[in-house]
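Chemist: Dumping the structure here so I can ask a few things about it.
Protein chains in written order, with the UniProt record's numbering: chain A, 1 to 370; chain B, 1 to 370.
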């Protein structure tokens, strides 16, 4: 490819995922990319007319930069490149609502947007609809918002756009919830307490700093909203989605609804409070075991009955959610008209910087493959 | 989209899969397509300058056509459209070696090629290398050559092109073999004879007209060749693939190696001969059961040890190949550096006209999404 035809890439956010995105782009054996902007939360690097960002020493250069972050300057740079007939993409590796709100303007200017940031696709309907509208000019891709690098959104879009009808999507969408219940309610039995397993998960870095942010089910509700909005049968007659208020419209079972405010706002306080819930969870585990079942925190998009819910449910010990799952796997089952008797299943690690970055970079490859 | 910008589509072969491809294209709610050629094995339909192929009555029109098939005329039509700056694709829904040998010339002329036909990608190296060479001008996509509509090839390409290292791919790649062994060697036990299960599968249309063509393992060997050729670590120092002679280089266990020539060439003769093998298969099933295992016909691409093999193997009753599989499911596990402890798994129906056509049409969507 001629250097002038390289995809022009602005990377916003170089934390765990963002750093991996840059490394995977640089290491790509096939395609050429031109990095035109890099921003951390504090600093920014933009090339002058004569200077490209050094693909080897980019992080040192960024850390040494004295330019404060200016996302409107990044936008202008990309806009200029689009005007020159080049293909440009804005990669949002943050989890910021403010950055998410930039997407409609970026897309309208013909700039493509790729992101693992769930905010725009799971939040209020206005922003989401503005993005869909603006996508006539630029393209938005967000594979890693659900299942990280697993092919979930691309598979759902392929099913829908080739004319299949989704009947139900059912899965374990949170790596943290997966880990906790795979261990707490194992097929072969377990007697460790709930709080002890959460403590272990937190110590290994499998949870948010405050596990309350996993156990409230909001992350699962956000992912369900993202998927539900791709399914045409869930639109109402006005073309709006019933999930008008985003993930807050999802029927969500919080596992910590009785937690005091002090525990919800502070991880250490939360861990002190959690053992109070152990008897309650143990009782649910025993009840499930009596029925030959295990507990799994699942998400369901039931198209037929127009129900979208995140809940703690019982599954027989012979069900794939019991037999196949391990570690912090995600598993997603697509029940459709074509995949009728037997669902299409995708399974694997659904969190981690490297696999999340893989989802981002595979979206970038969709823009650049000849 | 302006009508002039529609993707120009020539569909070659309108059997079970081809018919579904046309129907899915016509029904697509989002994108526009222009059908510029349709061919059956005997007849052909090409529009004159003023006449488009009728998307409703296309099959009647094709059956009524008096134009004999002329694939060089189809090529010329597409070539002309490419010269006019239009995007064109040649869809090969046949399983013909002759049609496969057209790909390099089509690609060189800037015509994209999409196909579920395994011949070109699993056959001798010369044709495959010519295709890869010619793909600088046109793009070739063949998702449905492995796992039908399941995202197998796209997932493998995403893993490889984002810099992951494949350690091993292991799976049940044949829907027919899956059905036969899921029933013959079920987790809960089974005492039905091998020939009786094959007879039932044949009666339900789950096998080739002669089941010998499934049981010889060649179909699995072809799929393994297709996957192995996507993995850079399996190239030798000259950039050639060790699978130089295509699928015939794969270590393949035929389940019917003792069959007489008359049975290999005639399905009814084959079914008469097969019961002679029942004692042999029953003995293997018993041996596996004694070890707490089931029999599965699997394919393995072991990158680390550079072994590619199709074989009948024993798996513990707790393994996903035993617990998760049912019907005529395919299941494919990608063990990679990133998906290290726990593999990325894709599972679901791996055969059928509708899901195979879905794989073809999802490849077409990759060309046309804005």
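Note that beta-carbon positions come from the ideal geometry of N, C-alpha and C, so glycine has one too.
By DSSP, does residue 231/B sit in helix, in strand, or in coil?
Modeler: What you label residue 231/B is simply residue 231 of the second chain in a count that begins at 1. Three-state result, residue 231/B: coil.
Chemist: In its own chain, which residues sit with a C-beta less than 7 Å from the C-beta of residue 227/B, not counting the 5 before and 5 after it?
Modeler: Sequence index remark: in the second chain, residue 227/B carries index 227 (1-based). Answer for residue 227/B: 146, 156, 169, 301, listed in chain order.
Chemist: Please tell me whether residue 236/A has its Cβ less than 8 Å away from any Cβ of chain B.
Modeler: To locate residue 236/A, count along the first chain from 1; it is residue 236. So no, residue 236/A is outside the interface.
Chemist: Measuring alpha carbon to alpha carbon, tell me which of 90/B, 351/B, 25/B, 82/B ends up nearest residue 58/B.
Modeler: Here residue 58/B corresponds to residue number 58 of the second chain, with the count starting at 1. When only C-alpha atoms are compared, the closest one is 25/B.
Chemist: Please confirm if residue 347/B has its CB atom under 8 Å from at least one CB of chain A.
Modeler: Walking along the second chain from the start, residue 347/B turns up at place 347. So, interface residue.
Chemist: Measuring CA to CA, which of 42/B, 47/B, 43/B, 76/B is closest to residue 34/B?
Modeler: As a working note, residue 34/B is residue 34 in the second chain. Ranking 42/B, 47/B, 43/B, 76/B by Cα distance to residue 34/B puts 47/B first.
Chemist: Determine the direct distance from the alpha carbon of residue 282/A to that of residue 196/A, and round the result to whole angstroms.
Modeler: Sequence index remark: in the first chain, residue 196/A carries index 196 (1-based). Sequence index remark: in the first chain, residue 282/A carries index 282 (1-based). Rounded to whole angstroms, residue 196/A to residue 282/A spans 12 Å at the Cα level.
Chemist: What does DSSP give as the partner residue(s) for residue 74/A in the beta ladder?
Modeler: What you label residue 74/A is simply residue 74 of the first chain in a count that begins at 1. Looking at the DSSP assignment, residue 74/A forms no beta bridge with any residue, so it has no partner.
Chemist: When you compare the CB of residue 223/A with every CB in chain B, is at least one pair closer than 8 Å?
Modeler: The count along the first chain starts at 1 and reaches residue 223/A at position 223. It does not: the Cβ of residue 223/A has no partner Cβ on chain B nearer than 8 Å.
Chemist: Whole angstroms are fine: how far does the CA of residue 280/B sit from the CA of residue 132/B?
Modeler: Position 132 of the second chain, counting from 1, holds the residue named residue 132/B. Position 280 of the second chain, counting from 1, holds the residue named residue 280/B. Their Cα atoms are separated by approximately 44 Å.
Chemist: Select from the segment 13–28 of chain B all residues with a C-beta closer than 7 Å to any C-beta belonging to chain A, and list them in chain order.
Modeler: Residues 24, 27, 28.
Chemist: Of the residues that make up the segment 332–362 of chain B, which ones have a beta carbon closer than 7 Å to any beta carbon in chain A?
Modeler: Here the close residues are 338, 339, 341, 342, 343, 344, 345, 346, 347, 348, 349, 354, 355, 358, 361, 362.
Chemist: In its own chain, which residues sit with a C-beta less than 6 Å from the C-beta of residue 9/B, not counting the 5 before and 5 after it?
Modeler: Counting from one through the second chain, the residue named residue 9/B turns up at place 9. Counting only Cβ-Cβ distances below 6 Å, and skipping sequence neighbours, we find 33, 35, 89.
Chemist: From what residue to what residue does the beta strand (DSSP E) around residue 238/A run?
Modeler: The count along the first chain starts at 1 and reaches residue 238/A at position 238. Where residue 238/A is concerned, there is no enclosing beta strand (DSSP E), given that its DSSP letter is neither H nor E.
Chemist: With DSSP collapsed to three states, give me the class of residue 49/B.
Modeler: By 1-based counting over the second chain, the position of residue 49/B is 49. Below a pLDDT of 50, predicted positions are generally treated as unreliable, and residue 49/B, at 49, falls in that range; no measurement from the model is reported.
Chemist: Is the distance from the Cβ of residue 379/A to the Cβ of residue 201/A below 8 Å?
Modeler: Beyond the ends of chain A as shown, which are 1 and 370, falls residue 379/A; an answer cannot be given.
Chemist: Roughly how many angstroms separate the alpha carbons of residue 1/B and residue 103/A, rounded to a whole number?
Modeler: The sequence position of residue 1/B within the second chain is 1, counting from 1. The sequence position of residue 103/A within the first chain is 103, counting from 1. Any reading at residue 1/B must be qualified, since the residue scores a pLDDT of 44, below 50, and its modelled position is unreliable; the value itself is stated next. Distance between the alpha carbons of residue 1/B and residue 103/A: 22 Å.
Chemist: Please say whether residue 172/A and residue 285/A have beta carbons closer to each other than 8 Å?
Modeler: By 1-based counting over the first chain, the position of residue 285/A is 285. By 1-based counting over the first chain, the position of residue 172/A is 172. No, they are not a contact pair.
Chemist: For residue 316/A, list the residues DSSP reports as bridge partners.
Modeler: Mapped onto the first chain, residue 316/A falls at position 316. Beta-bridge pairing links residue 316/A to 293/A.
Chemist: Can you check whether the CB of residue 336/B is closer than 8 Å to the CB of residue 82/B?
Modeler: Position 82 of the second chain, counted from the start, is the residue given in the question as residue 82/B. Position 336 of the second chain, counted from the start, is the residue given in the question as residue 336/B. No, these two residues do not count as a Cβ contact at 8 Å.
Chemist: Can you tell me whether residue 122/B is buried or exposed, with buried defined as 16 or more other CB within 10 angstroms of its CB?
Modeler: The count along the second chain starts at 1 and reaches residue 122/B at position 122. That one is buried.
Chemist: Between residue 138/B and residue 111/B, which are expected to be in contact by the criterion C-beta below 8 Å, what is the C-beta distance as a whole number of angstroms?
Modeler: Here residue 138/B refers to the residue found at position 138 when the second chain is read from its first residue. Here residue 111/B refers to the residue found at position 111 when the second chain is read from its first residue. With a Cβ gap of about 5 Å, residue 138/B and residue 111/B count as contacting.
Chemist: Determine the chain A residues that contact residue 161/B at a beta-carbon separation under 7 Å, and present them in chain order.
Modeler: Residue 161/B sits at position 161 when you count from the first residue of the second chain. Those within 7 Å of residue 161/B in chain A are 28, 30, 365.
Chemist: Decide if residue 347/A is buried, meaning its Cβ has at least 16 other Cβ atoms within 10 Å, or exposed.
Modeler: Looking up residue 347/A in the first chain gives position 347. Label assigned to residue 347/A: buried.
Chemist: With 16 other CB atoms within 10 Å as the buried threshold, where does residue 364/B fall?
Modeler: To locate residue 364/B, count along the second chain from 1; it is residue 364. So residue 364/B counts as buried.
Chemist: Can you name, in chain order, every residue of its own chain whose Cβ lies under 6 Å from the Cβ of residue 55/A, other than the five neighbours on each side?
Modeler: The count along the first chain starts at 1 and reaches residue 55/A at position 55. 26.
Chemist: I want to verify the contact list: residues of chain A whose CB lies under 9 Å from the CB of residue 327/B, in sequence order.
Modeler: If you number the second chain from 1, residue 327/B lands on position 327. Here the neighbours are 341, 342.
Chemist: Which same chain residues end up closer than 8 Å to residue 160/B when comparing Cβ atoms and leaving out the 5 residues on each side of it in sequence?
Modeler: Residue 160/B sits at position 160 when you count from the first residue of the second chain. Result list for residue 160/B: 166, 230, 231, 232, in chain order.
Chemist: Chain D beta carbons: is any one of them nearer than 8 Å to that of residue 158/A?
Modeler: Looking at the structure shown, chain D is missing, and the protein chains on hand are A and B.
Chemist: Give the range of the beta strand (DSSP E) segment to which residue 106/A is assigned.
Modeler: Position 106 of the first chain, counted from the first residue, corresponds to residue 106/A. Segment 103–108 is the alpha helix (DSSP H) holding residue 106/A; no beta strand (DSSP E) there.
Chemist: Give a yes or no on whether the C-beta atoms belonging to residue 251/A and residue 309/A are separated by under 8 Å.
Modeler: Translated into the one-based positions of the first chain, residue 251/A becomes position 251. Translated into the one-based positions of the first chain, residue 309/A becomes position 309. Yes, Cβ-Cβ distance for residue 251/A and residue 309/A is below 8 Å.
Chemist: Does DSSP classify residue 91/A as helix, strand or coil?
Modeler: On the first chain, residue 91/A is found 91 positions in, with the first residue counted as 1. Strand, per DSSP.
Chemist: Consider the Cβ of residue 324/B: report whether some Cβ of chain A lies at a distance smaller than 8 Å.
Modeler: Working through the second chain from its first residue, we reach residue 324/B at position 324. Closer than 8 Å: yes.
Chemist: How many angstroms separate the CA atom of residue 321/B from the CA atom of residue 315/B?
Modeler: In the second chain, the residue the question calls residue 321/B occupies position 321. In the second chain, the residue the question calls residue 315/B occupies position 315. Cα to Cα, the separation comes out at about 7 Å.
Chemist: Is it right to say residue 188/B is buried, meaning 16 or more other beta carbons lie within 10 angstroms of its own, or is it exposed?
Modeler: Position 188 of the second chain, counting from 1, holds the residue named residue 188/B. Exposed, because fewer than 16 other Cβ atoms sit within 10 Å of the Cβ of residue 188/B.
Chemist: Taking the C-alpha atoms as reference points, what is the distance between residue 164/A and residue 78/B?
Modeler: In the first chain, residue 164/A corresponds to position 164, counting from 1. In the second chain, residue 78/B corresponds to position 78, counting from 1. About 29 Å.
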